[in-house]
Amino acid sequence: MIVASAHEAARVAGLRHAPTRSIRGQLTLLPPGAAPSLSLPVIGEGYAIPLPDGVTLTGATYELDDVETSLRPAGHLENIERVAQMLPAFARSAAYLDHPDHADAAAVTGRVAFRCVTSDRMPMIGNIADETLAARDAERLRGAWSLDLPRAPGFHSAFAYGSRGLVWAALGAELIASQIEGEPWPLERDLAEGIDPARFLLRALRQGSVVG
Ligand SMILES: Cc1cc2nc3c(=O)[nH]c(=O)nc-3n(C[C@H](O)[C@H](O)[C@H](O)COP(=O)(O)OP(=O)(O)OC[C@H]3O[C@@H](n4cnc5c(N)ncnc54)[C@H](O)[C@@H]3O)c2cc1C
Numbered sequence: 039m040i041v042a043s044a045h046e047a048a049r050v051a052g053l054r055h056a057p058t059r060s061i062r063g064q065l066t067l068l069p070p071g072a073a074p075s076l077s078l079p080v081i082g083e084g085y086a087i088p089l090p091d092g093v094t095l096t097g098a099t100y101e102l103d104d105v106e107t108s109l110r111p112a113g114h115l116e117n118i119e120r121v122a123q124m125l126p127a128f129a130r131s132a133a134y135l136d137h138p139d140h141a142d143a144a145a146v147t148g149r150v151a152f153r154c155v156t157s158d159r160m161p162m163i164g165n166i167a168d169e170t171l172a173a174r175d176a177e178r179l180r181g182a183w184s185l186d187l188p189r190a191p192g193f194h195s196a197f198a199y200g201s202r203g204l205v206w207a208a209l210g211a212e213l214i215a216s217q218i219e220g221e222p223w224p225l226e227r228d229l230a231e232g233i234d235p236a237r238f239l240l241r242a243l244r245q246g247s248v249v250g
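So for the sequence shown, my numbering puts the first residue at 39; every next one is plus one.
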């Protein structure tokens with residue numbers, strides 16, 4: 039079983055040592071004429087991506103623990119200003135937003151979604167630990183390493199990808215497939231330990247805060 043349900047994953051998998059938070063992200067879709075015409079995506083601190091029909095996608099805002107699902111004009115402005123730092127011609131898109139005719143929601147649209155992150159901003163990919171067994175053996179596991187932890191056979195996770203899910207998902211899937219098949223991993227062990235879903239349990243064991 040592979041738990042891959044983002045914010046719900048820790049609850050679904052019954053993990054107590056999986057500190058996740060939510061980061062709101064707002065995207066902006068600029069209508070034709072509202073942004074300089076681009077022939078290629080431009081990506082840096084923010085991004086501007088030309089879509090079909092003259093629409094330009096810019097993004098994205100980054101708001102920790104903000105649950106608001108509706109679009110905000112301030113978020114659109116923030117996205118455009120970030121792109122304008124790379125492409126100064128986008129300053130006129132900010133002026134477009136300010137124009138009374140364009141201030142309504144119909145002129146500039148977008149989307150809001152929520153990134154799932156851990157407290158160390160790394161994803162939770164791999165074989166899940168058996169937290170009940172580890173808690174029972176907490177005293178012995180105080181100085182444990184990742185390899186010493188009891189694992190839940192056949193139980194894996196892939197969540198908390200934060201802002202990098204599209205980039206990292208295939209590598210994460212390959213790591214899990216390798217663990218299941220007993221094949222060489224596509225990552226060095228220390229990198230895999232950096233995204234090990236058991237790393238917060240391991241830290242708690244070392245701190246002596248896991249009660250048996
Ligand atoms: C605004 C924004 C911009 C982004 N930009 C980029 C980018 O430029 N590059 C990049 O690589 N990544 C980007 N990301 C991140 C990327 O979108 C996420 O990392 C990726 O979607 C995470 O994939 P996921 O499958 O882990 O979670 P999600 O895509 O959130 O999927 C989780 C799924 O679990 C389902 N689910 C929840 N609870 C349950 C349950 N109890 N039972 C069954 N199913 C359940 C949900 O319905 C959902 O379908 C961005 C994210 C946002 C919000």
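We put the CB at the ideal spot given by N, CA and C, even for glycine.
- Task: Please determine, among Gly164, Ala173, Arg189, the residue with the shortest C-alpha to C-alpha distance to Asp234.
- Result: Gly164
- Item | Own chain residues within Cβ distance below 8 Å of Gly92, not counting five before or after | Pro69, Pro70, Gly71, Ser75
- Message: Quick check on the DSSP output: the beta strand (DSSP E) that includes Pro88 runs from which residue to which?
- Response: 85-88
- Query: For Thr107 versus Thr66, is the C-beta spacing smaller than 7 Å?
  - Reply: no
- Query: Is Ala44 near ligand 1, going by C-beta to nearest heavy atom under 6 Å?
  - Reply: Distance from the C-beta of Ala44 to the nearest heavy atom of ligand 1 is below 6 Å.
- Query: Which one of Pro188, Ala215, Leu225 has the shortest CA to CA distance from Arg240?
  - Reply: A small fix is needed here, since residue 240 is Leu in this sequence, not Arg. Its Cα nearest to that of Leu240, the residue Pro188 stands out among Pro188, Ala215, Leu225.
- Message: Rounded to whole angstroms, what is the Cα-Cα separation between Ser200 and Cys154?
- Response: Note on identity: in this sequence residue 200 is Gly, with Ser being the wrong assignment. Between Gly200 and Cys154, the C-alpha separation is close to 5 Å.
- How long is the line joining the alpha carbons of Gly63 and Arg54, rounded to whole angstroms? 26 Å
- With DSSP collapsed to three states, give me the class of Leu101. Just to set this straight, residue 101 is Glu in the shown sequence, not Leu. Here Glu101 sits in strand by DSSP.
- Item | Validate contact between the segment 148-162 and the segment 100-115 using beta carbons, cut 8 Å, 3 pairs | Contact holds: three or more Cβ-Cβ distances are below 8 Å.
- Query: Given Gln217, which residues of its chain have a CB within under 8 Å of its CB, disregarding the five upstream and five downstream residues?
  - Reply: Gly164, Asn165, His194, Trp223
- Query: With 16 as the cutoff for other CB atoms within 10 Å, does Tyr100 come out buried or exposed?
  - Reply: Tyr100 sits exposed, since fewer than 16 C-beta atoms from the chains shown fall within 10 Å of its C-beta.
- Message: For Ser131, count the other beta carbons within 10 Å of its own beta carbon; 16 or more makes it buried, fewer makes it exposed. Which is it?
- Response: buried
- Message: Rounded to the nearest angstrom, what separates Gly210 and Ala47 at their Cα positions?
- Response: 15 Å
- Item | Residue range of the unbroken alpha helix (DSSP H) whose run includes His114 | 111-124
- Message: Is it buried or exposed, Ala56, if we count other Cβ atoms within 10 angstroms and call 16 or more buried?
- Response: buried
- Message: If you follow the beta strand (DSSP E) that Gly210 is in, where does it begin and where does it stop?
- Response: Looking at the DSSP string, Gly210 is not in any beta strand (DSSP E); the run it does join, the alpha helix (DSSP H), is 203-219.
- Determine the DSSP secondary structure at Val50, reduced to helix, strand or coil. helix
- Message: Could you tell me the alpha carbon to alpha carbon distance between Leu229 and Asp136, rounded to whole angstroms?
- Response: One C-alpha to the other measures close to 46 Å.
- Task: Please name the residue, chosen from Leu78, Gly232, Val121, that lies closest to Tyr85 on a Cα-to-Cα basis.
- Result: Val121
- Query: How long is the line joining the alpha carbons of Val80 and Val248, rounded to whole angstroms?
  - Reply: Their backbone Cα atoms lie some 47 Å apart in a straight line.
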